[in-house]
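Residue numbers (this note's numbering), protein chains in the order written: chain A, 956 to 1277; chain B, 284 to 498; chain C, 256 to 477.
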Amino acid sequence: MTDVLDVALRLLVVFVVFLTFPLLVGQTEHKVMAHMQGRLGPMYAGGFHGWAQLIADGVKFAQKEDVVPAGADRRIFQLAPAVALLPYLLVLLAIPIGPGEGAVGQVLDAGVFFVLAVMGVGVLGSLMAGWASANKFSLLGGLRTAAQLLAYELPMLLTAASVAMAAGTVSLVGILDAFEWWWLPWQITGALVFFVAGLAELQRPPFDMPVADSEIIFGAYTEYTGLRFALFLLAEYAGIVVLCGLTTVLFLGGWHGPWGADGLGWVWTLLKTAVLAFVVIWLRVSYPRLREDQLQKFAWTLLVPLALAQIALTGVVKVVFL
Amino acid sequence: MAPIPGSGLAKGLAVTLRTMTRKSVTAQYPDTQPELPPRSRGVIGLFEENCTVCMLCARECPDWCIYIDSHKETVPPAAPGGRERSRNVLDRFAIDFSLCMYCGICIEVCPFDALFWSPEFEYAETDIRDLTHERDKLREWMWTVPAPPALDAGAEEPKEVAAARKTADKLAAAQAAEPERTAGTEQAAGTQRAGEPGQPGTPRQPGTPGQEGRA
Amino acid sequence: MSTAATAGALAAGTAHRAAESPGFLSPTGVEITFLLVGLVTLGAAVVTVTTRQLVHAALWLVVALGGLAVEYLLLTAEFIAWVQVLIYVGSVVVLLLFGLMLTRAPIGRSPDADSGNRPVALAVAVAAAAALVWVVTDAFRTTWIDLDGAPSGTTEVTGAALFQHWVLPFEALSVLLLAALVGAIVLSRKAKNGSEPDTTNAGPSDAAARATGTRRDQEGDR
Chain A
956 MTDVLDVALR LLVVFVVFLT FPLLVGQTEH KVMAHMQGRL GPMYAGGFHG
1006 WAQLIADGVK FAQKEDVVPA GADRRIFQLA PAVALLPYLL VLLAIPIGPG
1056 EGAVGQVLDA GVFFVLAVMG VGVLGSLMAG WASANKFSLL GGLRTAAQLL
1106 AYELPMLLTA ASVAMAAGTV SLVGILDAFE WWWLPWQITG ALVFFVAGLA
1156 ELQRPPFDMP VADSEIIFGA YTEYTGLRFA LFLLAEYAGI VVLCGLTTVL
1206 FLGGWHGPWG ADGLGWVWTL LKTAVLAFVV IWLRVSYPRL REDQLQKFAW
1256 TLLVPLALAQ IALTGVVKVV FL
Chain B
284 MAPIPGSGLA KGLAVTLRTM TRKSVTAQYP DTQPELPPRS RGVIGLFEEN
334 CTVCMLCARE CPDWCIYIDS HKETVPPAAP GGRERSRNVL DRFAIDFSLC
384 MYCGICIEVC PFDALFWSPE FEYAETDIRD LTHERDKLRE WMWTVPAPPA
434 LDAGAEEPKE VAAARKTADK LAAAQAAEPE RTAGTEQAAG TQRAGEPGQP
484 GTPRQPGTPG QEGRA
Chain C
256 MSTAATAGAL AAGTAHRAAE SPGFLSPTGV EITFLLVGLV TLGAAVVTVT
306 TRQLVHAALW LVVALGGLAV EYLLLTAEFI AWVQVLIYVG SVVVLLLFGL
356 MLTRAPIGRS PDADSGNRPV ALAVAVAAAA ALVWVVTDAF RTTWIDLDGA
406 PSGTTEVTGA ALFQHWVLPF EALSVLLLAA LVGAIVLSRK AKNGSEPDTT
456 NAGPSDAAAR ATGTRRDQEG DR
C-alpha cells in the first residue's frame, strides 16, 4: 500500500511541477522581456505587478471557441496538442532534483536515452498539427519543424553521449553521482552545444523559424484556437523547464554546489534551472531570428563538429588522465 | 570588424541586460497622468469674455468645424445725448471635434485671444455626435489652460509690456516735470489696466491642469 | 520474459497464478499488459498497411513502434526500448513524415497510393511472420528471465553483450550502414550528372541542394 501511495505522491508532485513551473517561466518571460525592452509588462492581473496574467490568459483561452477548420483532418488535428505536451510531462518524471532516490520522479537506468527519446516524440505533435490543419503555412511550419528536429537531434545526442562517457553511465542519477566540479570546464563545449541545440529543438528564438510569424504566420499552430492553442504554448514552456533542468543535470552538476549539497541540493538544482531559463528568455530578447538555411548550416557545420570534438576530448581525457 | 568572434553576440546580450536594469519608460497612463510638454495640443478652450464674434476663426477653419451664432444688441449711449452703440452678443460657440484636425489656425487668427490650447485630452465620447462641444464645455476647458511658458532669457520684451512701460516712462517724466498735477497718475493707472488682456494666464482659476475634465 | 513464455503462461491459464502471487503489479498483470499492448501493436501495424491515407499510415506506424517499445519495457529490456523510441519514433517516423509532407500528403484518401501487389505482399508478410515466430519460439523456448538477479536488459548488460560477444556483427553492421550512406550519396550525385551534364563544376553545397531536389523529384514520380 505504501508503494502505491509513494508512486501516487511522486506522480502528483511531478504533475504539480509540470503545471506550475512553465507558468512561472512564462510569467518571468513576460516581465523580463518587458524590462529588457524598456517596458513594464503586465501590471493589472492579480493586482501586484500582474502576477496572475497567465492565469487570466488561461481563463481567456478556456472561454474561446475551439475551432477545427472544415478541411482539416479532424482527429489528428485535435490529438496533436496532447502529443506535443505529454512527452515533456514524462521527461519531467526522470529529472532528479536532489541527491538520493527520494528526489526524482522515477529512477531510470537509461535516463539520458529516455529523456532525449521522449523529447523527440513531442515534435510529432507539431508535425501532426502542421499536416492536419489543411493550411499551407501550417504545412510549411511542420516541414521546418521536422527539418529542425533532424538537424538538432544529432548534436544533442552526441553531447549527451559525451557526458555519459565521462560518467560511465547513462543514468541521470548516476551521472550526478559521478559529477566533479572540473567537469564543468571539461564539458563546457558540450554544454553550449546541448543548450543551443535544445533551444532549436524547442523552436525558441532565435531558432523559431517553424513559427516565424512574419513568414508563415504561426507555423503549425496557425489554425489552433482556445485551449488547444494554450496546450501548445504550455508545451513550449514545459519544454524550457525540461531543457534547463536537463542541462543542469547533465552539465552543471545538478544538486552539487559549493556548499549545502546534503540538505539543500534541490535548491541548487532549481537555482541553476532558473538561471538557465532566464538565459533562454535573454537570448530570445537579444537576437533576431535566423534564416532557415542559416539554421541548417549552423547545425551541420558548427554544432555537429563541435559535438564530435567534445566527444573526442572526453574520450582522450577519460583514457589518458583517468 | 569584430576583433573577437562572438563579441557582437556578447554586445547584444549586454544591451538587453543593461536595459533591464534601467527604469522602464512605460507611462502608467490611467493611473498616473502623463507629463505633457508645454503647448500640448489637447483641446481648444474658449475665453468668451474676449470673444467679439468677429467670425475670423470660423472663416479660417479649414474643416468648418466651428459654429458661431450671435445677435446684435444696442447699448445705451455712454454719455447722455450720445449715439447708441451696438454690440455683438455670442449665442452659441461650438467646435465639432470629430472634424477638428487640431491645426490651431483658429487660435492663431483670433485677434482678441479668446481661443487657447488646453492640454486636456480625455474627452472621448461613445457617439460621434457628442463630439460637438458647446461653449460651456469649451469654457470649462479654459480653466485647464496653463500659463504660457516663460520667454527665453535673451528674448525680446513682449510688445504690450514694452508699450506699457514706454507709456509709464513718459508719464513718470511728465510727473517729474509737473509734480503738482494729479491727472497724470490717473492716466497712468488707466494705461496699466489696458496692458492686462495681453496675459492669457490671467483668467486661470486655481486648480491643476487636466483635473476638471475628468471630475 | 519472451513472447513464447508469455504465450505459454497464458495458455496455462492466468487466473490461478494471479491468486498465487498478489502484488502491486503481479507477473500476471505484466502478462496481461503485454498481451493487450501486443494486440494494440498488431492492430496498429495492420492499419498502417491497410489504411488509404498516407499520413495516417505513418502515424499508425508511430503507434506500432511505440507499442513495440512498451513490449521491450515489459520484457525488462529498458535500453532497447528507449533506443527504439529515439531512433524509430523520434527520427525515422519524423523523416518519413518530412518526406511525405515534402512530396504529397493530401488530407483524405489517396487511392492511387495503393499498389496491385497486395496478395504478394500479404504472402511475403505471412511467410516472414511465420519464419520469425518459428525461429524465435524455437530459439528461446526454454529461456526465462531471471527477475531476482540483476536486470538482464539494462544498459550495462546490453553494452557488455554488444561489445564483447557481438562486436563483430556490430562492426559489420556499421560498415554496412556506412556503405549504404556512401552509396546513397553517390547515387544521388550520379542522377544529377545524368540529367544535367553541364553542371560538373558545381560547389559542394550546390551539389547537396541539387541532390535534395533530385530526391524530391524521384519521390514525386513515385
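Note that the Cβ used here is the ideal one computed from N, Cα and C, for glycine as well.
query, result
"C-beta neighbour in chain A for C/Gln-308, strict 9 Å", "yes"
"Short CB-CB distance (under 9 Å) between C/Val-303 and chain A", "In the sequence as presented, Val is not what sits at residue 303 of chain C; that position holds Thr. Chain A, which has no Cβ nearer than 9 Å to the Cβ of C/Thr-303, makes this no."
"Spatial neighbours of A/Glu-1247 in its chain, beta-carbon cut-off 7 Å, leaving aside the 5 residues before and after", "Arg-1099 and Met-1164"
"CB contact check: A/Ala-989 to chain B, cutoff 9 Å", "yes"
"Beta-carbon proximity list for B/Ser-401, same chain, < 6 Å, skipping 5 on both sides", "Gly-325, Val-326, Gly-328, Trp-424, Thr-427 and Val-428"
"Three-state secondary structure (DSSP) of C/Phe-418", "helix"
"Residues near B/Ile-287 in its chain [Cβ-Cβ closer than 7 Å; skip 5 each side]", "none"
"Beta-carbon proximity list for C/Val-325, same chain, < 6 Å, skipping 5 on both sides", "Val-292"
"Bounding residues of the beta strand (DSSP E) (the contiguous stretch that carries A/Ile-1195)", "Careful: A/Ile-1195 lies outside any beta strand (DSSP E), inside the alpha helix (DSSP H) at 1181 to 1206."
"Beta-carbon proximity of A/Leu-1079 to C/Val-349, cut-off 9 Å", "yes"
"N- and C-terminal bounds of the beta strand (DSSP E) containing B/Glu-367", "Neither: B/Glu-367 is in no beta strand (DSSP E) and is coded neither H nor E."
"4-residue-minimum alpha helix (DSSP H) runs that sit fully inside the stretch 370 to 396 of chain B, ordered along the chain", "388 to 392"
"Contact list for A/Asp-1028 against chain C, beta-carbon separation under 9 Å", "Gln-308, Val-310, His-311, Ile-362 and Gly-363"
"Listed by chain order, chain A residues near B/Gly-295 by CB distance under 8 Å", "Ser-1241 and Tyr-1242"
"Nearest neighbour of A/Pro-1051, chosen from A/Ala-1116, A/Trp-1237 and A/Cys-1199 [CA to CA]", "A/Cys-1199"
"Touch test, the stretch 337 to 348 of chain B against the stretch 387 to 397 of chain B, Cβ-Cβ under 8 Å, three pairs minimum", "yes"
"Residues sharing a beta bridge with B/Phe-399, DSSP", "B/Gly-328"
"Inter-stretch contact (C-beta, 8 Å, three-pair minimum) for the stretch 1265 to 1273 of chain A and the stretch 1111 to 1122 of chain A", "yes"
"Range of the contiguous alpha helix (DSSP H) that encloses A/Thr-1100", "1091 to 1122"
"Neighbourhood of A/Phe-1276 by C-beta distance below 6 Å, restricted to the same chain and skipping five residues each side", "none"
"Given 8 Å, three or more beta-carbon pairs between the stretch 1028 to 1036 of chain A and the stretch 1009 to 1017 of chain A", "no"
"Own chain partners of A/Gly-1026 with C-beta closer than 7 Å, once the 5 adjacent residues on each side are dropped", "Ala-1089"
"Cα-Cα separation between B/Pro-321 and B/Arg-305, rounded to whole angstroms", "27 Å"
"Neighbourhood of A/Leu-1044 by C-beta, 8 Å cutoff - its chain only, sequence neighbours within 5 removed", "Val-969, Phe-970, Phe-973 and Ala-1193"
"Nearest to A/Asp-1021 (by Cα), restricted to the options A/Val-1274, A/His-1004, A/Phe-1184 and A/Val-1196", "A/Phe-1184"
"Chain-ordered chain A contacts of B/Thr-309 [CB-CB under 9 Å]", "Ala-989, Gly-993, Arg-994, Leu-995, Gly-996 and Met-998"
"Selection from A/Val-959, A/Leu-1095 and A/Gly-1085 that minimises the alpha carbon distance to A/Glu-1170", "A/Leu-1095"
"7 Å Cβ cut-off: residues of chain C touching A/Ala-1125", "First, the amino acid is wrong: residue 1125 of chain A is Val here, not Ala. Ordered by position in chain C, the residues that pass the 7 Å Cβ test against A/Val-1125 are Thr-410."
"Counted within 10 angstroms of its Cβ, other Cβ atoms place B/Cys-334 as buried (16 or more) or exposed", "buried"
"Spatial distance of C/Val-295 from A/Val-1073 (CA atoms)", "20 Å"
"Cutoff 9 Å: B/Thr-315 Cβ touching any chain A Cβ", "no"
"Residues from the stretch 411 to 440 of chain C in contact with chain A, defined by Cβ distance under 7 Å", "none"
"For A/Lys-1019, three-class secondary structure by DSSP", "coil"
"Closer than 9 Å to chain C by CB, A/Glu-1108", "yes"
"Beta-carbon spacing of A/Pro-1161, A/Pro-1213 below 9 Å", "no"
"Selection of the stretch 281 to 301 of chain C by Cβ proximity to chain A, strictly under 7 Å", "none"
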